[in-house]
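Engineer: Numbering (full-length UniProt numbering) for the sequence shown: 1 to 53.
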Amino acid sequence: MLVWNPRGFQIRKVRMAVVLNQHGGTVGIATLKDVFEQIVSEIFDENDSKVTF
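#1: Are the beta-carbon atoms belonging to V19 and V27 less than 8 angstroms from one another?
#2: Do you know offhand how far N21's Cα is from I29's?
#3: Who does L32 pair with in a DSSP beta bridge?
#4: Hey, how far is the Cα of F36 from the Cα of R12?
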């Protein structure tokens with residue numbers, strides 16, 4: 001189960017968060033961009049390298 005509090009990003013003025021599993025163990029980190037990309041789709045900006053397949 002994923003619990004996400006968007007106000008946490010806004011209140012703390014951070015752009016990264018530690019992702020925890022249901023037992024409190026660390027799974028990884030997520031950026032605000034990662035969260036938005038899951039909601040909408042891939043976000044490209046001038047800092048992204050262009051990869052073609």
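Where a beta carbon is used, it is the ideal one built from N, C-alpha and C, also for glycine.
Structural biologist: By the coordinates alone:
#1: yes
#2: 12 angstroms
#3: Paired residue(s): none; L32 is not in a bridge.
#4: 18 angstroms
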